[in-house]
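*Asks:* After the structure tokens below, expect a handful of questions from me.
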Amino acid sequence: MDLPIHQLSMTVLMTPDTANFSGNVHGGTILKFLDQVAFACASRYAGCYVVTLSVDQVMFRQSIHAAAELRKQMRREMEQCFAATRTSP
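Everything in the sequence shown is counted per the working numbering, starting at -12 for the first residue and increasing by one.
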């Protein structure tokens, strides 16, 4: 998939080690991937190494099963808002 420079796509396979006993992905795992996407977007925009300064708010509205597919397109900007949504495989 070829995306314009201002878009980013990240694909991650959620394996059993990322899930709890109910088969749902751990919240910390989701936060880790969101931080990685934030780094990729921000460093591409800034053209240099960047770090996460703060995270204002995190809301887990639904559980995400390890077999679910997450999709979200994000714009390239320094202050970012992320949402991960689940779809059936």
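Note that beta-carbon positions come from the ideal geometry of N, C-alpha and C, so glycine has one too.
(1) Within the present structure, is the beta-carbon of I51 separated from the nearest heavy atom of the ligand FMN by less than 7 Å?
(2) Hey, H52 and N7 are a contact pair by Cβ (cut 8 Å); roughly how many whole angstroms apart?
(3) Do V38 and V18 have their beta-carbon atoms positioned less than 8 Å apart in this structure?
(4) Tell me where the alpha helix (DSSP H) around R48 begins and ends.
(5) Answer with yes or no whether the minimum CB distance from A25 to chain C is below 8 Å.
*Replies:* Here's the rundown:
(1) No copy of the ligand FMN occurs in the structure displayed, which carries no ligand at all.
(2) Stepping through the sequence shown from its first residue, residue 52 is reached at position 65. Stepping through the sequence shown from its first residue, residue 7 is reached at position 20. Not a contact, Cβ separation roughly 11 Å.
(3) Residue 18 sits at position 31 when you count from the first residue of the sequence shown. Residue 38 sits at position 51 when you count from the first residue of the sequence shown. Looking at the sequence shown, residue 18 is not Val but Leu. Cβ distance not < 8 Å, so L18 and V38 don't count as in contact.
(4) Your numbering for residue 48 matches position 61 in the sequence shown. It is not in any alpha helix (DSSP H) - R48 carries neither H nor E in the DSSP assignment.
(5) The displayed structure is made up of one protein chain only, and chain C is not part of it.
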